[in-house]
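Take a look at the structure set out below.
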């Protein structure tokens, strides 16, 4: 199995080609290249100025077509997918094409912000209210994509851009649909059928790693759930940096679960835990269902002191085992008249015995007093 990460630093150039990426300050197909925003092994993203509409854009340029036809197919697929998505939380594609020299490119709306991976500092957790806002906006983007039969398949913090709205609150944009799959778009040969695993193992669902059967919306929901886990706890669910370790943890039968001492409201914890169930049949099956759950009135209600709430208890996994047979308590015996007489008789015997003991003690005390008196009289007479 070959892993193909979207941030892979390998550079594939056709032999003998002199093609290269545009450089800041150069003109490229009607765009003035300003600066490099990001770079991977297969594409580079620039901030550029579009002369025709006098606006800044994010210009994504693919390596020369001769490098790998599969990469070109992925690039074209991303353009086809983005052209159909209109959600305000999905990056908009403005135009696409290829240069006379064979460089494929697309112009995307410029997002004035940073990725979630850059916004969250190591060890930093977000307030639940902020997490709900961010995750809900990503779900809005996924909801439209899923309704159109498209899966993103690479949900991770680096693909969630965070800006601000007019009120200064987080406004997110889902980007990088480079390995998205649309059910009604033809699958190019080699795109997913050559043993390659597309995606980022740290956030991939078990079924996506297995590559068995048709993926569903539950795969994107799982990945987003791991992002929510990371934001709430302040650490990744999978800490290892080794891809094979990540895959091993994803394929283990043990589901991730938010710790009870994380300070996460019980209702929110229950929703996130359901998003990251390893068994996809136990997960939410649609983004709209998760959105509905996050709109629950008690989603941010804090746990009261004194123990887990009812909502929290529903998230506890109890191992299935056969319990010992229940032992029914013996009911109290009805007392017959003979039983009552016997009890009274026993009580009378104990009472008489107590009376005799009292008489003996009194006689003994009287004897001691008399003896003491006799001794005192004898002592007095001898004087």
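Numbering (the UniProt record's numbering), first residue to last: 1 to 383. Glycine residues also receive a C-beta, built at the ideal position from the N, C-alpha and C atoms. None of these values were measured; they are calculated from a predicted model.
Close-in-space but distant-in-sequence residues of the same chain around residue i (CB under 8 Å, 5 per side omitted)
i: residue 289; result: none
i: residue 24; result: 33, 34, 35, 36, 46
i: residue 29; result: 97, 99, 105
i: residue 49; result: 31, 32, 34, 55, 56, 57
i: residue 123; result: 234, 235
i: residue 133; result: 169, 170
i: residue 144; result: 85, 86, 87, 90
Cut-off 6 Å between Cβ atoms - residues of its own chain near residue i, not counting five sequence neighbours on either side
i: residue 230; result: 236
i: residue 202; result: 238, 246
i: residue 257; result: 273
i: residue 298; result: 267
i: residue 225; result: 272, 275, 276
i: residue 376; result: none
Burial state of residue i (16 or more Cβ within 10 Å)
i: residue 150; result: buried
i: residue 448; result: This structure cannot settle anything about residue 448, because the visible part of the chain is limited to 1 through 383.
i: residue 147; result: exposed
i: residue 86; result: exposed
i: residue 223; result: buried
i: residue 154; result: buried
i: residue 121; result: exposed
i: residue 371; result: exposed
i: residue 389; result: Shown here, the chain extends from 1 to 383; a query on residue 389 therefore has no answer.
i: residue 156; result: buried
i: residue 108; result: buried
i: residue 379; result: exposed
i: residue 363; result: exposed
i: residue 59; result: buried
Rounded separation between residue i and residue j - CA only
i: residue 241; j: residue 54; result: 42 Å
i: residue 209; j: residue 247; result: 7 Å
i: residue 127; j: residue 171; result: 16 Å
i: residue 97; j: residue 250; result: 38 Å
i: residue 111; j: residue 285; result: 30 Å
i: residue 32; j: residue 130; result: 37 Å
i: residue 270; j: residue 93; result: 36 Å
i: residue 116; j: residue 175; result: 11 Å
i: residue 373; j: residue 367; result: 10 Å
i: residue 165; j: residue 139; result: 18 Å
i: residue 141; j: residue 168; result: 20 Å
i: residue 302; j: residue 281; result: 29 Å
i: residue 78; j: residue 38; result: 17 Å
i: residue 216; j: residue 26; result: 43 Å
i: residue 152; j: residue 252; result: 24 Å
i: residue 211; j: residue 220; result: 14 Å
i: residue 259; j: residue 294; result: 19 Å
i: residue 114; j: residue 137; result: 16 Å
i: residue 125; j: residue 91; result: 26 Å
i: residue 95; j: residue 158; result: 23 Å
i: residue 160; j: residue 76; result: 21 Å
i: residue 205; j: residue 173; result: 22 Å
i: residue 52; j: residue 42; result: 27 Å
Local conformation of residue i per DSSP, three classes
i: residue 28; result: strand
i: residue 171; result: strand
i: residue 200; result: coil
i: residue 142; result: helix
i: residue 71; result: helix
i: residue 56; result: strand
i: residue 23; result: coil
i: residue 247; result: helix
i: residue 229; result: helix
i: residue 214; result: coil
i: residue 180; result: coil
i: residue 222; result: helix
i: residue 96; result: strand
i: residue 235; result: coil
i: residue 108; result: strand
i: residue 264; result: coil
i: residue 135; result: helix
i: residue 91; result: coil
i: residue 371; result: helix
Cβ distance (whole Å) where residue i is taken to contact residue j below 8 Å
i: residue 292; j: residue 265; result: Their Cβ separation, rounded to whole angstroms, is 17 Å, which puts residue 292 and residue 265 out of contact at 8 Å.
i: residue 177; j: residue 81; result: 5 Å
i: residue 162; j: residue 227; result: Actually they do not touch by this definition, with Cβ atoms about 12 Å apart.
i: residue 179; j: residue 74; result: 6 Å
i: residue 213; j: residue 207; result: 7 Å
Contacts around residue i, its chain only, beta-carbon distance under 7 Å, and the 5 residues preceding and following it disregarded
i: residue 255; result: 276, 277, 278
i: residue 262; result: 232, 233
i: residue 21; result: 44, 61
i: residue 296; result: 267
i: residue 287; result: 139, 142, 143, 146, 217, 221
i: residue 83; result: 93
Interface flag, residue i vs chain C, CB-CB below 9 Å
i: residue 79; result: As a matter of chain content, chain C is missing from the structure shown, which is built from one protein chain.
Contact test: residue i Cβ vs the ligand MG heavy atom, cutoff 8 Å
i: residue 130; result: As for the ligand MG, it is missing from this structure, which has no ligand bound.
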